[in-house]
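Whatever position you read off the sequence shown (first residue = 1), add 1 for my numbering.
Beta carbons are placed, not taken as given, at the ideal position from N, Cα and C, and that holds for glycine.
A quick note: this is a predicted structure, and the numbers were derived from the prediction, not measured.
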Amino acid sequence: MRAACTISFGGRAGIPKLGRCRLAVASGSYIPRRRYVFAPAKIEEGEQVAIVFITGSADGLGRAAAETLLTEGHRVLLHVRSNDRIPAMGDIASRAAGIAIGDLSSAREVKSIADQVNAIGRMDAIIHNAGVYTERTRGSTIEGHPNTLAVNSLAPYMLTALIERPARLVYLSSSLHRGGEGSLSDLNWNKRPWDWARAYSESKLHVVALALALSRRWPHVLSHAVDPGWARTKMGGVDAPVDIDTGQRTQSWLAVSGESAAKVSGRYWRHLKQEAPANEATHPEFQARLIAEFARLTGVALP
Ligand SMILES: NC(=O)c1ccc[n+]([C@@H]2O[C@H](COP(=O)([O-])OP(=O)(O)OC[C@H]3O[C@@H](n4cnc5c(N)ncnc54)[C@H](OP(=O)(O)O)[C@@H]3O)[C@@H](O)[C@H]2O)c1
Numbered sequence: 002m003r004a005a006c007t008i009s010f011g012g013r014a015g016i017p018k019l020g021r022c023r024l025a026v027a028s029g030s031y032i033p034r035r036r037y038v039f040a041p042a043k044i045e046e047g048e049q050v051a052i053v054f055i056t057g058s059a060d061g062l063g064r065a066a067a068e069t070l071l072t073e074g075h076r077v078l079l080h081v082r083s084n085d086r087i088p089a090m091g092d093i094a095s096r097a098a099g100i101a102i103g104d105l106s107s108a109r110e111v112k113s114i115a116d117q118v119n120a121i122g123r124m125d126a127i128i129h130n131a132g133v134y135t136e137r138t139r140g141s142t143i144e145g146h147p148n149t150l151a152v153n154s155l156a157p158y159m160l161t162a163l164i165e166r167p168a169r170l171v172y173l174s175s176s177l178h179r180g181g182e183g184s185l186s187d188l189n190w191n192k193r194p195w196d197w198a199r200a201y202s203e204s205k206l207h208v209v210a211l212a213l214a215l216s217r218r219w220p221h222v223l224s225h226a227v228d229p230g231w232a233r234t235k236m237g238g239v240d241a242p243v244d245i246d247t248g249q250r251t252q253s254w255l256a257v258s259g260e261s262a263a264k265v266s267g268r269y270w271r272h273l274k275q276e277a278p279a280n281e282a283t284h285p286e287f288q289a290r291l292i293a294e295f296a297r298l299t300g301v302a303l304p
């Protein structure tokens, strides 16, 4: 992976200099070849133009968060699973700082995504948004993991470990994480009969625990978990009570806001308000054991 032309990062650490840049990245990621004119017209007072990487931004809450941040004048690095999904992004593809490409269920492709992001430069924020829900069978990734564990838990862990540390991290969780306690004895679902709902709950507890652990481990990074509510997306379905804009608002706010309320760390949020997460996710011992298991399963150590 090689950036043919890199964005100039200057001024405050990680904040790109305003100006023009032509950018192309060889093989693996797609960067529209066009001139970028950064126009932070709607940036709120106290905010600076940020560059934000959002996983799973072809659809749903990820795409909606990308649209919000682009409209506010921020820069967004999008992500899709494959080239075939680029057309689904519509016009945000041409407005983005680039598009990282890779399937999150493959460890090799997750590593490639990290390389693609690092080739562009340090992100100000990363929203770990991509996820799967109703996986009716355990499935088995190339590495032998259930798809739910690989996409929802191991991929965000690996990307966190492999991408240059941003200033802010946001992990998409769910209120269903409260049904996911007690997963450590069989993270990989080798001993238990498959239960897709339980596997999803466990994966969403994992990312809360990871977000909270990182807030202590990396004190200079603001790290959060967000429950978007039951939102009307491909995953949530048409009967979901929460509109997509409400569903994306908390994570896009946490990614860039200059408000003091957004500059705390280690919190669990729903609709711009902090809530108490499941007890287990807050326990340092559980967090440490989880991270050790992730490191063992992926072969990737968390710095
Ligand atoms: N919607 C809800 O009610 C709700 C509630 C609580 C939590 N959440 C969480 O919010 C996040 C976003 O959900 P959503 O409702 O926006 O879901 P969605 O509409 O199904 O979108 C999920 C996104 O993740 C991507 N993705 C899934 N598997 C992938 C893989 N293997 N590799 C690369 N990308 C992959 C999808 O790509 P494709 O488009 O190519 O499939 C899509 O862009 C998820 O983490 C979810 O668990 C959602």
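Which one of the options has the shortest CA to CA distance from residue i?
i	options	result
Asp60	Val53, Arg82, Pro194	Arg82
Leu105	Asp85, Ile93, His80, Ala98	His80
Val265	Glu182, Gly122, Gly180, Ala226	Ala226
Ser107	Ala151, Glu136, Lys235	Ala151
Pro278	Ala94, Val208, Pro220	Val208
Ala65	Ala210, Lys235, Val301, Gln288	Lys235
Ser224	Gly230, Leu211, Gly63	Leu211
Ile114	Gly74, Arg169, Ile143, Ile164	Ile164
Ile245	Pro229, Leu255, Asn148	Pro229
Arg166	Leu206, Gly180, Trp219	Trp219
Arg139	Arg179, Glu73, Ala263, Asn189	Asn189
Arg70	Ser258, Arg268, Pro304, Leu303	According to the sequence as given, residue 70 is Leu; it is not Arg. Checked all of Ser258, Arg268, Pro304, Leu303; the closest Cα to Leu70 is Ser258.
Beta-carbon within less than 6 Å of residue i's beta-carbon, same chain only, minus the 5 sequence neighbours each way: which residues are those?
i	result
Phe54	Leu78, Val118, Met124, Ile127
Arg76	Ile52, Ala98
Glu281	Glu182, Phe287
Leu273	Thr251
Ala14	Because Ala14 sits at a pLDDT of 29, beneath the cut-off of 50, its placement in the model cannot be relied upon, and the following sentence gives the value as read from the coordinates. Around Ala14: no qualifying Cβ.
Gly300	none
Met90	Ala59
Throw me the rounded Cβ distance for the residue i and residue j pair, which I believe falls under 8 Å.
i	j	result
Leu298	His146	7 Å
Tyr158	Leu177	Wrong, their Cβ atoms sit about 19 Å apart, outside the cutoff.
With a CB to CB cut of under 7 Å and the five nearest residues on each side skipped, what residues in its chain are close to residue i?
i	result
Ile87	Tyr31, Val81, Ala94, Ile100
His284	none
Trp254	Ala263, Leu273
Gly29	Because Gly29 sits at a pLDDT of 46, beneath the cut-off of 50, its placement in the model cannot be relied upon, and the point is left open.
Please confirm whether residue i has its beta-carbon closer than 8 Å to some beta-carbon of chain D.
i	result
Ser253	Structure shown: chain D not included; a single protein chain is present.
Output needed for residue i: all residues of its chain with C-beta closer than 8 Å, excluding positions within five of it in sequence on either side, in chain order.
i	result
Leu185	Phe287, Arg290, Leu291, Glu294
Glu136	Pro147, Asn148, Thr149, Trp197, Ala200, Tyr201
Start-end ranges of the alpha helix (DSSP H) lying completely within the segment 51-83, minimum 4 residues:
Segments of the alpha helix (DSSP H) lying fully in the segment 51-83: 61-72.
Kindly provide the ranges of any beta strand (DSSP E) runs that are 3 or more residues long and lie completely inside the segment 211-247, ordered along the chain.
The DSSP assignment places complete beta strand (DSSP E) segments of no fewer than 3 residues inside the segment 211-247 at 223-228, in order along the chain.
Could you give the uninterrupted runs of the beta strand (DSSP E) lying entirely in the segment 123-178, keeping only those of 3 residues or more?
Inside the segment 123-178, DSSP marks whole beta strand (DSSP E) runs of 3 or more residues at positions 126-129, 169-173, from first to last along the chain.
Segments of 4+ residues assigned as alpha helix (DSSP H) that fall wholly inside the segment 85-118:
Runs found: 93-96.
Jot down the residue ranges of each uninterrupted beta strand (DSSP E) in the segment 261-291, minimum 3 residues, whole runs only, in chain order.
Within the segment 261-291, complete beta strand (DSSP E) segments of at least 3 residues are found at 268-271, 274-276, given in chain order.
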